[in-house]
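Working notes, structure below.
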Amino acid sequence: MIGKPDWFTKKYFGIGVRPKTWQGWAYILLALALIAFVWWQPLWDWSQQTRNTITIVLAAVVVLDTIHIMYILNKNNKGNE
Numbered sequence: 154m155i156g157k158p159d160w161f162t163k164k165y166f167g168i169g170v171r172p173k174t175w176q177g178w179a180y181i182l183l184a185l186a187l188i189a190f191v192w193w194q195p196l197w198d199w200s201q202q203t204r205n206t207i208t209i210v211l212a213a214v215v216v217l218d219t220i221h222i223m224y225i226l227n228k229n230n231k232g233n234e
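Heads up: the sequence shown at position 28 corresponds to 181 in the numbering used here, and the numbers run straight through without jumps.
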């Protein structure tokens, strides 16, 4: 999808991924910046429903991308075992 599995590594504990390169950190910061941008009041005169919808879509894209990255990392690790 958007993020590349090379930018992330599996977490030591729990479920998920953590950044291992500057691109991974930039990806996370960009996602957070986009959500903050949508909620910045003076910039847009959007309704609350529009803000909620855009936030849900952005969050869903990040979550689906994270699941995709986790799947690829898991698949690659099984081949190395």
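Note that the Cβ used here is the ideal one computed from N, Cα and C, for glycine as well.
Model, not experiment: these values are computed from the prediction.
Considering only L217, V215, H221 and V191, the residue with the shortest C-alpha distance to I207 is V191. The residue from I168, W193 and P158 with its alpha-carbon nearest to that of W175 is P158. Counting only the Cα atoms, N205 lies some 27 Å from R171. In the DSSP assignment, F161 falls within the unbroken beta strand (DSSP E) covering F161 to K163.
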